[in-house]
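Trainee: Questions regarding the structure given below will be posed in turn.
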Amino acid sequence: MLGRLSFADIPVDVPILVGTFLGVAVIGITVLGLITYYGKWGYLWKEWFTSVDHKRLAVMYVVVGLLALARGFADAIMMRTQLALAYAGNPGYLPPHHYDQIFSAHGTIMIFFMAMVIMTALFNLVVPLQIGARDVAFPFLNNLSFWMTTVAFVLINVSLFIGEFSQCGWLAYPPLSEAQFSPGVGVDYYILAVQISGVGTLLTGVNFFVTIVKMRAPGMTWMKLPVFCWTALCACVLIMVAFPVLTVAVALLGLDRFLGMHFFTNDGGGNQMLYLDLIWAWGHPEVYILIIPAFGVFSEVVPTFSEKPLFGYATMVYATCAIMVLSFLVWVHHFFTMGAGADVNAFFGIMTMIISIPTGVKLFNWMFTMYKGRVEFHATMYWAIGFMITFSIGGMTGVMMAIPAADFVLHNSLFLIAHFHNVIIGGVYFGYVCGMNFWAPKALGFKFNEAWGKRAFWCWFIGFYFAFVPLYVLGFDGMTRRMNHYDNPNWYPWLLVAEVGAVMIFFGIVCQVTQIYVSIRDRNLPGNVDVTGDPWNARSLEWSTSSPPPPYNFAIIPHIHELDAFMHDKENGIDTRHAGGPYAPIHMPKNTAAGFFIGAFSFTLGFGLIWYIWWLAAISLVGVIATVIARSANHDVDYYIPAEEVARIENEHSRKLMAQAAE
Ligand SMILES: [Cu+2]
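Position 268 of the sequence shown, counting from 1, maps to 396 under this note's numbering, and the rest follow consecutively.
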């Protein structure tokens, strides 16, 4: 009846997990209780869970991304604390099989459910507004993508309390991930979570690619497209090309585990190197899927706070496209040590070094934009400058590891761990936080608190160096990744310093949470409310709308005259909004529950497959198919906003603008 699931799979004998469960239960019951007490379920269902509005989906993606950050960081500080304790015979507090699950979950969650999710949030909020569109090309698919990603995140967290998670690292290398060596449910949780969220990601890639190609406002030719949209476009191309490779690699591993096939097994003609080639043919483009949009954020932020146009717009665009192409030509640098000959390694080493050239072009362009600019040091700009310093260092250690001879010494050492955290925290995370601070007024209608923003930055910035510089040193000293305990006395002091760094980053996260709380508390204070929709005197089109924008974004689709469309209009006295109309009824998609139900059935399908509860899997599959058919047969999927209503909303915003101008 319940497949291989039994009470023995509930870890009641693991105090850490029991404590975590109780904590999560208390928070969960409190939140659910408050929603019920204030009678907000209807509102949440109608206005948010079933919403196809890209602006609402952006906010929901941020919520999921921050929850993933909390979980992923909890794993991180647990690992740091274990290594600060487990020295010279002291086993620490985490036994190896638990520790292995934690580093596997940490990588999987931070990449798939924190970074990818916050990236998608930024895409959702910014892209349609920057190109002058009323929404994305496929609003229903956008909602579906959200729920597929969200239920996959829930599935991974369920493995904390029912069964176990994978112990094979974030990429589940075979043969360790094969049933022979990992007979439990852990790897199956990994496979299903990655596959379900992969559907969401691929749909997102297609959705935003089509949106940018087909829905630009009239006059927005390719070389008038804001850089953030260029980076989103390139990331979507990478998603559409690379994610199917991940889907196939993980599916083949699943066939080995579920149906006893031999794609990657030790016997039966299995070939583990095929898995490595496939998983990194996805994996390296994946890291560029994450970093390229962060580059896009800085190309919006730096000109805005330097009060100068971006230096070298065209070279920025070409550099982005070059990085997109080159990112497919370097994947073997992830396993120089695994049997490829010197010639092959040399090719991939050189290609890896070449990718640093267009990256360098970007760094110089941002610095030249600031040069002789009137730089305003908002918290947003702190993250941008912190990025330029930290990411450059990470890039340099990357070029170092691109030398096969050096990599033979440093591969899978803590030097590698320090390197990729250097570029992922210093690059991706700093970039996304920068973007959230920059576009918060557009999404929410009020600015984020500056003081807590700066405190968060300094905790993260200094904490990062305390946490990861020791790992560079330890890597040189021969300490490998994924060690659960050690007895080399030289390593102990460095790991204590790294623990201090992790604690500082913890305070950075506390400051970020406090920043959000204080910003919401003080949202109506003068100076915090974004009355005009253009709080930073910015350049791109999204700032021409009110904050938050009306459901239809633009009452009249603007005509684009120049790059930095909004700044151009401001400088030439052109009213981008065509305030006063005439207005026409606006065609809008209706909210739908189909995405939520397909997501819910995908969750039970995944859970059923993991635990071999075949009836549940079968019913769920039928549920998914039935919902898809019901959705496609439903013709009541759109409506019109009357012209009078549009006029009312627009006149209200114009009145506020005039009142603001009069002050
Ligand atoms: Cu790589």
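All C-beta atoms in this analysis are idealised placements derived from N, C-alpha and C, irrespective of residue type, glycine included. These figures come from a predicted structure and were not determined experimentally.
(1) Note down the Cα distance separating V774 from S760, rounded to an integer number of angstroms.
(2) Let me check you understand the geometry: is the CB of G235 closer than 8 Å to at least one non-hydrogen atom of ligand 1?
(3) Cutting at 6 Å between CB atoms, please list the residues of its own chain near P486, excluding the five before and the five after it.
(4) CA-CA distance, L366 and E414?
(5) Any heavy atom of ligand 1 within a distance shorter than 8 Å of the CB on V415?
(6) Can you tell me which of W739, I738, D692, Y680 puts its alpha carbon nearest to the alpha carbon of K718?
(7) Please name the residue, chosen from M466, I684, F281, that lies closest to R199 on a Cα-to-Cα basis.
(8) Determine the burial state of L130: buried for a count of at least 16 other Cβ atoms within 10 Å of its Cβ, exposed for fewer.
(9) Does L353 pass the burial test, meaning 16 or more other C-beta atoms within 10 Å, or should it be called exposed?
(10) Checking 9 Å against the spacing of the C-beta atoms, do L194 and I246 come in under that value?
(11) What is the DSSP secondary structure of M611, reduced to helix, strand or coil?
(12) Could you give the DSSP three-state label for H687: helix, strand or coil?
(13) Suppose the cutoff is 7 Å on Cβ atoms and the five residues either side in sequence are ignored; what does the same chain contact list for G326 look like?
(14) Hey, how far is the Cα of V255 from the Cα of F268?
(15) Identify the residues that DSSP records as bridge partners of M716: which are they?
(16) Restricting to Cα atoms, I'd like to know which of I417, F456, G501 is closest to K436.
(17) Say the cut is 8 Å; is the CB of T148 nearer than that to a heavy atom of ligand 1?
(18) Out of I155, I741, H226, point me to the one whose CA is closest to D80's CA.
(19) Taking L404 and F463 to be in contact with their CB atoms under 8 Å, please state how far apart those CB atoms are, rounded to whole angstroms.
(20) How close, in whole Å, do the beta carbons of S273 and T236 come, if the pair is a contact with beta carbons under 8 Å?
(21) With DSSP as the reference, identify every bridge partner of F392, one or two as the case may be.
(22) Mind checking which residues open and close the alpha helix (DSSP H) that includes C296?
(23) Are the Cβ atoms of H412 and W459 separated by less than 9 Å?
(24) Suppose contacts are defined by Cβ-Cβ distances below 9 Å. Is L624 in contact with A212 by that definition?
(25) Could you tell me whether any non-hydrogen atom of ligand 1 is closer than 8 Å to the CB of T525?
(26) Report the partner residues of S541 according to the DSSP bridge assignment.
(27) Please report the distance separating the alpha-carbon of T443 from that of R649.
(28) Check the C-beta distance from L438 over to N493 and give it rounded, since I have them as a contact under 8 Å.
(29) Assuming contact is defined by CB atoms lying nearer than 9 Å, are G467 and D535 in contact in what I supplied?
(30) Beta carbon of T465: closer than 8 Å to some heavy atom of ligand 1?
(31) Any contact of the stretch 573 to 588 with the stretch 641 to 657, i.e. 3+ C-beta pairs under 8 Å?
(32) Please find out if some non-hydrogen atom of ligand 1 comes closer than 8 Å to the beta-carbon of T248.
(33) What is the DSSP secondary structure of V551, reduced to helix, strand or coil?
(34) Buried or exposed: which applies to P710, given that a residue is buried once 16 or more other Cβ atoms fall within 10 Å of its Cβ?
(35) Can you say whether Q788 is buried or exposed, counting buried as having 16 or more other CB atoms within 10 angstroms of its CB?
(36) Hey, would you say the C-beta of W298 is under 8 Å away from at least one heavy atom of ligand 1?
Mentor: The answer reads as follows:
(1) By one-based count along the sequence shown, residue 774 stands at place 646. By one-based count along the sequence shown, residue 760 stands at place 632. Going from the Cα of V774 to the Cα of S760 covers about 29 Å.
(2) For this step, residue 235 is matched to residue 107 along the sequence shown. Checking the Cβ of G235 against ligand 1 gives no.
(3) Locating residue 486 in the sequence shown gives position 358, counting from the first residue. Only A447, A450, I451 meet the Cβ criterion.
(4) Position 238 of the sequence shown holds residue 366. Position 286 of the sequence shown holds residue 414. C-alpha separation (whole angstroms): 8 Å.
(5) For the purposes of this step, residue 415 is identified with residue 287 of the sequence shown, where counting begins at 1. Checking every heavy atom of ligand 1 against the Cβ of V415, one is found closer than 8 Å.
(6) Here the question's residue 718 lines up with position 590 in the sequence shown. Ranking W739, I738, D692, Y680 by Cα distance to K718 puts Y680 first.
(7) Within the sequence shown, numbered from 1, the residue matching residue 199 stands at position 71. The shortest Cα separation from R199 among M466, I684, F281 belongs to F281.
(8) The residue you call residue 130 lines up with position 2 of the sequence shown. Looking at its Cβ environment, which holds fewer than 16 other Cβ atoms inside 10 Å, L130 is exposed.
(9) As a position in the sequence shown, residue 353 is number 225, starting the count at 1. Its Cβ being crowded by 16 or more others within 10 Å, L353 is buried.
(10) One-based indexing of the sequence shown puts residue 194 at position 66. One-based indexing of the sequence shown puts residue 246 at position 118. Yes.
(11) Numbered from 1 along the sequence shown, position 483 holds the residue referred to as residue 611. Note: M611 maps to coil in three-state DSSP.
(12) Your numbering for residue 687 matches position 559 in the sequence shown. Reduced to three states, the DSSP call for H687 is coil.
(13) One-based indexing of the sequence shown puts residue 326 at position 198. Within the same chain, Cβ atoms closer than 7 Å to the Cβ of G326 are found at F371, L374, T375, the five residues on either side in sequence being excluded.
(14) If you number the sequence shown from 1, residue 255 lands on position 127. If you number the sequence shown from 1, residue 268 lands on position 140. The alpha-carbon atoms of V255 and F268 are separated by roughly 17 Å.
(15) Against the sequence shown, residue 716 aligns to sequence position 588. Paired residues: Y767.
(16) Sequence index remark: in the sequence shown, residue 436 carries index 308 (1-based). The candidate whose alpha carbon is nearest that of K436 is G501.
(17) Taking the first residue of the sequence shown as position 1, residue 148 is located at position 20. Result no, Cβ not under 8 Å from ligand 1.
(18) Because residue 80 is not part of the residues shown, which for the chain are 129 to 791, the question remains open.
(19) Here residue 404 corresponds to residue number 276 of the sequence shown, with the count starting at 1. Here residue 463 corresponds to residue number 335 of the sequence shown, with the count starting at 1. Yes, they are in contact, since the Cβ atoms of L404 and F463 sit about 6 Å apart, within 8 Å.
(20) On the sequence shown, position 145 is the one that residue 273 refers to. On the sequence shown, position 108 is the one that residue 236 refers to. Rounded, the Cβ-Cβ distance is 19 Å, inconsistent with contact.
(21) Within the sequence shown, residue 392 is the residue found at index 264, counting from 1. In DSSP, F392 forms no bridge with anything.
(22) Counting from 1 along the sequence shown, the entry for residue 296 is found at position 168. Segment: none, C296 is in no alpha helix (DSSP H) and carries neither H nor E.
(23) Residue mapping note: residue 412 aligns to position 284 of the sequence shown, counting from 1. Residue mapping note: residue 459 aligns to position 331 of the sequence shown, counting from 1. Going by C-beta atoms, H412 is nearer than 9 Å to W459.
(24) In the sequence shown, residue 624 corresponds to position 496, counting from 1. In the sequence shown, residue 212 corresponds to position 84, counting from 1. Yes, Cβ-Cβ distance for L624 and A212 is below 9 Å.
(25) Translated into positions along the sequence shown, residue 525 becomes position 397. It does not: the Cβ of T525 is nowhere closer than 8 Å to a heavy atom of ligand 1.
(26) The sequence position of residue 541 within the sequence shown is 413, counting from 1. DSSP, once it has assigned bridges, lists T608 as partnering S541.
(27) As a position in the sequence shown, residue 443 is number 315, starting the count at 1. As a position in the sequence shown, residue 649 is number 521, starting the count at 1. Each residue's Cα considered, the two are about 42 Å apart.
(28) Walking along the sequence shown from the start, residue 438 turns up at place 310. Walking along the sequence shown from the start, residue 493 turns up at place 365. Contact check for L438 and N493: beta-carbon distance about 7 Å, within the 8 Å limit, so the pair qualifies.
(29) If you number the sequence shown from 1, residue 467 lands on position 339. If you number the sequence shown from 1, residue 535 lands on position 407. Not a contact, by the Cβ cut-off of 9 Å.
(30) Within the sequence shown, the letter at position 337 stands for residue 465. Checking the Cβ of T465 against ligand 1 gives no.
(31) yes
(32) Here residue 248 refers to the residue found at position 120 when the sequence shown is read from its first residue. For ligand 1, not one heavy atom lies less than 8 Å from the Cβ of T248.
(33) For the purposes of this step, residue 551 is identified with residue 423 of the sequence shown, where counting begins at 1. Taken through DSSP and simplified to helix, strand or coil, V551 comes out as helix.
(34) Reading the sequence shown from its first residue, position 582 is the one you call residue 710. It counts as exposed.
(35) For the purposes of this step, residue 788 is taken as residue 660 along the sequence shown, with counting starting at 1. Looking at its Cβ environment, which holds fewer than 16 other Cβ atoms inside 10 Å, Q788 is exposed.
(36) Numbered from its first residue, the sequence shown carries residue 298 at position 170. W298: no, Cβ never under 8 Å from ligand 1.
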